[in-house]
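Numbering (the working numbering), first residue to last: 883 to 1125.
Positions of the beta carbon are idealized from the N, C-alpha and C atoms, including for glycine.
Below: one structure, written as structure tokens.
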């Protein structure tokens, strides 16, 4: 590097975590053609006490978890790139309001705005009829759920361990993914397609399980495994939610 970064990080995105108002995951794009060794993630609580309202995290990644947020509170996030020669310009500020700790309060004031889905492009292990927008949410079981829409009621569901990693198909050892609607917060058993037996599906890496509520395992799915996977799901839940 011959100078401090000249351009700001872009595309700062906040991904909320289901059932956990106290922390969020921030994700951003690095400035193009710039040498960046570290990012400062600055969280400011709006209306907080001067001096105590800021927290700073440093990371060499292009994502960061921000913890210990207060419920039902308004924050601003910015990301500042740096290298040994100095700091560069900060990203655009991203406002965000955390959910109330009491779900009954959130329900009445959110007016149907479903905050958990965030539009983020992700890399998927392609086996899908759906080519539309992609949305991600973080779940309480430490996985990211990714969906790609055919339309708001039909979509492909994937799982991943990280926002930047591959989003994998989900295999079903008993049935054809009907219970995977749990991952999009639907208590219904969904409709899925196409329903091919596992020995007619290519062997792939993916997550799998047999029944609803069971934790997922990672391994081979498709031919030779008794785990089927499908092109699409209809779970009776619209994504990204009611607008």
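Alpha-carbon to alpha-carbon, residue 1055 and residue 1062: Indexing the chain shown from 1 puts residue 1062 at position 180. Indexing the chain shown from 1 puts residue 1055 at position 173. Distance between the alpha carbons of residue 1062 and residue 1055 is about 12 Å.
Taking residue 1044 as the reference, give the member of 1076, 1006, 1014 with the closest Cα. To locate residue 1044, count along the chain shown from 1; it is residue 162. Checked all of 1076, 1006, 1014; the closest Cα to residue 1044 is 1006.
For residue 1085, which of helix, strand or coil comes out of DSSP? Locating residue 1085 in the chain shown gives position 203, counting from the first residue. Correct three-state label for residue 1085: coil.
If you follow the beta strand (DSSP E) that residue 1031 is in, where does it begin and where does it stop? One-based indexing of the chain shown puts residue 1031 at position 149. Residue 1031 -> beta strand (DSSP E) spans 1026 to 1033.
In three-state terms, what does DSSP make of residue 1043? Against the chain shown, residue 1043 aligns to sequence position 161. In this structure, residue 1043 counts as coil in the three-state DSSP scheme.
By Cβ distance below 6 Å, which residues in the same chain neighbour residue 971 in space, the five residues on each side in sequence not counted? Along the chain shown, read from residue 1 onward, the residue named residue 971 stands at position 89. Cβ neighbours of residue 971 beyond the five flanking positions: 890.
CB residue 1102 to CB residue 1081, shorter than 8 Å? Position 220 of the chain shown, counted from the first residue, corresponds to residue 1102. Position 199 of the chain shown, counted from the first residue, corresponds to residue 1081. No, these two residues do not count as a Cβ contact at 8 Å.
Distance, residue 935 Cα to residue 929 Cα: One-based indexing of the chain shown puts residue 929 at position 47. One-based indexing of the chain shown puts residue 935 at position 53. Going from the Cα of residue 929 to the Cα of residue 935 covers about 8 Å.
Who does residue 1115 pair with in a DSSP beta bridge? What you label residue 1115 is simply residue 233 of the chain shown in a count that begins at 1. Per DSSP, 1037, 1074.
For residue 1089 and residue 1099, believed in contact at Cβ under 8 Å, the rounded distance: Within the chain shown, the letter at position 217 stands for residue 1099. Within the chain shown, the letter at position 207 stands for residue 1089. Rounded, the Cβ-Cβ distance is 7 Å, consistent with contact.
Below 8 Å on the Cβ atoms is my contact criterion, and I expect residue 974 with residue 894 to pass it. Report the Cβ-Cβ distance as a whole number of Å. Translated into the one-based positions of the chain shown, residue 974 becomes position 92. Translated into the one-based positions of the chain shown, residue 894 becomes position 12. Contact holds; Cβ gap of about 7 Å.
On the DSSP bridge list, what partners appear for residue 978? Reading the chain shown from its first residue, position 96 is the one you call residue 978. According to DSSP, which records beta bridges pairwise, residue 978 is partnered with 957.
Got a sec, what are the start and stop residues for the beta strand (DSSP E) residue 945 sits in? Within the chain shown, numbered from 1, the residue matching residue 945 stands at position 63. Where residue 945 is concerned, the enclosing beta strand (DSSP E) stretches over 945 to 948.
Out of 926, 945, 921, point me to the one whose CA is closest to residue 968's CA. For this step, residue 968 is matched to residue 86 along the chain shown. Ranking 926, 945, 921 by Cα distance to residue 968 puts 921 first.
Beta carbon of residue 1010, beta carbon of residue 1113: below 8 Å? Start at 1 with the first residue of the chain shown, and residue 1010 comes out as number 128. Start at 1 with the first residue of the chain shown, and residue 1113 comes out as number 231. Yes. Within cutoff.
DSSP three-state call for residue 883: helix, strand or coil? Stepping through the chain shown from its first residue, residue 883 is reached at position 1. Coil, per DSSP.
According to DSSP, what are the bridge partners of residue 963? Translated into the one-based positions of the chain shown, residue 963 becomes position 81. Paired residue(s): 921.
Label residue 919 either buried or exposed according to how many other C-beta atoms from any shown protein chain fall within 10 Å of its C-beta, with 16 as the threshold for buried. As a first step, residue 919 must be located in the chain shown, where it is residue number 37. By the Cβ-count criterion, residue 919 is exposed, with fewer than 16 other Cβ atoms from all chains shown falling within 10 Å of its own Cβ.
Assuming residue 898 and residue 1003 make a contact with CB atoms under 8 Å, what is their CB distance in whole Å? Position 16 of the chain shown holds residue 898. Position 121 of the chain shown holds residue 1003. Between residue 1003 and residue 898 the Cβ distance is about 18 Å, and since that is not below 8 Å, they are no contact.
Report buried or exposed for residue 1093, applying the criterion of at least 16 other Cβ atoms within 10 angstroms of its Cβ. Mapped onto the chain shown, residue 1093 falls at position 211. Classification of residue 1093: exposed, given that the 10 Å Cβ count is below 16.
How would you write the range of the beta strand (DSSP E) that residue 1101 sits in, first residue to last? Position 219 of the chain shown, counting from 1, holds the residue named residue 1101. Per DSSP, residue 1101 belongs to the beta strand (DSSP E) from 1099 to 1103.
If residue 1014 sits next to residue 1068, beta carbons under 8 Å apart, how far is it from one beta carbon to the other, in whole angstroms? Walking along the chain shown from the start, residue 1014 turns up at place 132. Walking along the chain shown from the start, residue 1068 turns up at place 186. The pair is not a contact, with the Cβ atoms about 19 Å apart (cut-off 8 Å).
Inter-residue Cα distance where the pair is residue 1031 and residue 1018: As a first step, residue 1031 must be located in the chain shown, where it is residue number 149. As a first step, residue 1018 must be located in the chain shown, where it is residue number 136. Approximately 11 Å between the Cα atoms of the pair.
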